[in-house]
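Sequence order for the protein chains is A and B.
Each residue of the first sequence is one higher than the last, beginning at -17 in our numbering.
Each residue of the second sequence is one higher than the last, beginning at 833 in our numbering.
The C-beta atom is built at its ideal place from N, Cα and C for all residues, glycine as well.
Nothing here was measured: the structure is a model prediction, and the numbers come from that model.
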Amino acid sequence: MSAVIEDIRLQPAMVVDDVVKRFGRGDELVTAVDHVSFNVQQGEFVSVIGPSGCGKSTLFNIIGGLLGDYEGSVMIGDERISAPHPAVGMVFQEESTFPWRNVIENVAFPLELQGVPKSERMDRAHHFIDMVGLASFEKNFPSQLSGGMRQRVSIARTLVSQPKILLMDEPFAALDEQTRLLLGDKITQIQQELNQTTLLITHNLTEAVQLSDRIVVMTYRPGKVKRIVDIKLPRPRTSDVVGSDAFGHYVAEIWNDLREEATRGMADSESAAARRGSHG
Amino acid sequence: MAKSASQSSSQPSFFFRYGPEITGLLALVGATLVFELLVRIGVVNRFVIPPPSDVILAFERVVVEEDILGRTGATAFEMIIAAVASVVVGVPIGAALHRSALWRRAMEDWVGAMAAAPIVLAFPLFLVLFGRSPKTIIVMAFFHGLAPIILKTIEGLSGTRKVLINVGRSLNMTSSQLFWKILFPSALPVIFTGIRLSWTFVLITVVGVEYLINLGGLGQLINELAERYDLPGTYAAIFFVILVSVFFFILLERVELWLRPAR
């Protein structure tokens, strides 16, 4: 019996197995994601990092079930993801709060869809608003909040459904570096408090190292897994870790992997711009 | 001294708070005085534009002698029926056209042309179809008010940010939930722009057709006063229509504020 429990505990929360996604057809066929495989353990924080154009967002959409037509499999338990799954809660890169709802109404929204009674959903929403540090802003509308606060509302709205896996696509991309570090602290604190399995898609090196247990480094187009790096920084972790030698070592190590890919990506963008210029 | 400085820095001055209103009012009073002067010294012919003071005095006569309340009621009734009908019919048509790319592309230009068409001039046709009755005025105003609402509903729904739709999809929302809980509230500000345009068209059409066919409320009053060559009374009636329209749009603003508290 204990062996069965141990097996369940060791079973990954999510398995990404040999995923391939192509767009277009004929001569214009583009492989965005090319035989990508990795898994995410229960309670683990994994980041996928790569240069622009490496298929990170495509992978995000596949795992979130927004792109159902792909080869390979993304498995949660015994289920293959081909549509949005209640076990996966998504936080998007762009600001995604509903401007016509105040903070608590935004956060309670998924519970409203599930038909949870009003008093219960308000209690649960209040708990998660408190967790992201916005307790005194419950009645404010998004237009009255800063960009970082709005992203925290989005995170609380995703957490309120208590998803098995929190899937985030560069949620702090539009924020300044200091806010990003502080929100990183908040995310780490929540992840540790809830033992929340988290998959972060990012192109930000320091953010990935600050938050993750493992980092999946992707190549430039077509997006393949170049390397998976274990981040053995101590937990519980705060943004103080960015000043440590070990942190610097990890950033340098991953940048060595990424530099070549980012250079290829930049050269590709420049030649595409030159082609557009010569046609124009 | 220090106390007054701290007071002035913590509270905005009276003029800073009410500056726009005071400036607007002063501009109106100034323009009225200039007109009064131009008419009195003979630069402007008083048989074309009466002195503003005569117009102000004519207000009381128009209100007391010309059954202004009854006429306002008649005009308001026609306006409200046409305005509400244009919203009730226009928004669903806009939503239906938004759903079908083929129909949208087929109809959008026609609806745009309808918005620009001077429907008021088609009153003889409507008179034949509906007779010399308020029905004619309501139907014409309804058609004139319909197009902006259809166009702005399509624009508002199409302009919904993709990320909001993706949030809905990630939460496994049905298409009906997606429409009522995301697309429609997101489109509401643009739809209200359409309603404001529409209601302007409705008001113009109602008063215009009342004037043209000499039937009903305030438009007919303007017509009668003009035919009697009672110029101060005519201008007083025109200003009364302006006041009614101001009231109408304040009402719309209140409704918008109630529906969209986060503006």
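- Residues of chain A with a Cβ closer than 8 Å to the Cβ of LEU996 of chain B are, in chain order, SER78 and PHE80.
- Contact annotation: the region 1049 to 1062 of chain B does not touch the region 1011 to 1025 of chain B, with fewer than three C-beta pairs closer than 8 Å.
- For LYS967 of chain B, the uninterrupted alpha helix (DSSP H) segment begins and ends at 966 to 990.
- For the region 62 to 73 of chain A, the beta-carbon criterion of a distance under 9 Å to any beta-carbon of chain B is satisfied by ALA65, PRO66, HIS67, PRO68, VAL70, GLY71 and MET72.
- Contact annotation: PRO(-6) of chain A and VAL22 of chain A have beta-carbon atoms nearer than 8 Å.
- With respect to the 8 Å criterion, VAL211 of chain A and VAL199 of chain A are classified as neighbours on the basis of their beta carbons.
- In chain order, ASN84 place their CB closer than 6 Å to the CB of PHE123 of chain A, counting only its own chain and leaving out the 5 sequence neighbours on each side.
- Under DSSP, ASP151 of chain A forms a beta bridge with A:ILE183.
- In the pairwise beta carbon analysis, the region 1064 to 1082 of chain B is classified as not touching the region 971 to 985 of chain B: fewer than three pairs are separated by under 8 Å.
- Counting along the chain, ALA69 of chain A sits inside no alpha helix (DSSP H), nor does DSSP assign it H or E at all.
- The three-state secondary structure of THR1006 of chain B, taken from DSSP, is coil.
- LEU48 of chain A and VAL15 of chain A do not touch by the CB rule: their CB atoms are close to 14 Å apart, not below 8 Å.
- The criterion of a C-beta distance shorter than 8 Å is satisfied by HIS976 of chain B and PHE1033 of chain B.
- In the DSSP assignment, VAL135 of chain A falls within the alpha helix (DSSP H) that extends over 129 to 141.
- Using a Cβ distance threshold of 8 Å, VAL12 of chain A and ILE183 of chain A do not count as a contacting pair.
- The beta-carbon distance between VAL(-3) of chain A and GLY54 of chain A, rounded to whole angstroms, is 10 Å. This is too long to meet the 8 Å contact definition.
- Chain A places no beta carbon closer than 8 Å to that of LEU989 of chain B, leaving this residue out of the contacts.
- Under the three-state reduction of DSSP, VAL876 of chain B is assigned to coil, being neither helix nor strand.
- At a cut-off of 8 Å between beta-carbon atoms, ASN1004 of chain B makes contact with chain A.
- Contact annotation: in the region 42 to 53 of chain A, residues whose CB is within less than 9 Å of a CB in chain B are ASN43, GLY46, GLY47 and LEU48.
- Taken atom to atom, the span from the alpha-carbon of ILE58 of chain A to that of HIS17 of chain A is near 18 Å.
- Per DSSP, the beta bridge partners of ASN21 of chain A are A:VAL(-3).
- In the assembly as shown, ASP195 of chain A is a buried residue. Its beta-carbon has 16 or more other beta-carbons within 10 Å.
- When Cβ pairs closer than 8 Å are counted between the two stretches, the region 114 to 132 of chain A is seen to touch the region 69 to 80 of chain A, the count reaching three or more.
- In the structure shown, GLY37 of chain A adopts coil according to DSSP, grouped into three states.
- DSSP places SER101 of chain A in no beta strand (DSSP E) but in the uninterrupted alpha helix (DSSP H) bounded by 100 to 113.
- For ARG209 of chain A, the enclosing beta strand (DSSP E) has its first and last residue at 207 to 212.
- For PHE5 of chain A, the secondary structure class from DSSP, reduced to helix, strand or coil, is strand.
- Taking a cut-off of 8 Å for Cβ pairs, the region 899 to 917 of chain B and the region 951 to 964 of chain B do not touch, as fewer than three such pairs fall below it.
- Taking the Cα of ILE1036 of chain B as reference, the smallest distance to any Cα among B:ALA933, B:PHE974 and B:GLY1026 is reached at B:PHE974.
- Boundaries around PHE27 of chain A are those of the beta strand (DSSP E), 27 to 31, since no alpha helix (DSSP H) includes it.
- For ILE1082 of chain B, the number of other beta carbons within 10 angstroms of its own is below 16, and it is reported as exposed.
- Leaving aside the five residues that flank PRO966 of chain B on each side, the residues in its chain whose CB is nearer than 8 Å to its CB run, in chain order, ALA906, PHE909, GLU910, LEU1047 and GLY1048.
- For the region 1020 to 1041 of chain B, the set of residues with a beta-carbon nearer than 8 Å to any beta-carbon of chain A comprises LEU1020, in chain order.
- Interface with chain A (8 Å Cβ-Cβ cutoff): GLN1009 of chain B is included.
- At a beta-carbon threshold of 9 Å, the residues of chain A lying near PRO1017 of chain B are PHE80, PRO81, TRP82 and ARG83, ordered along the chain.
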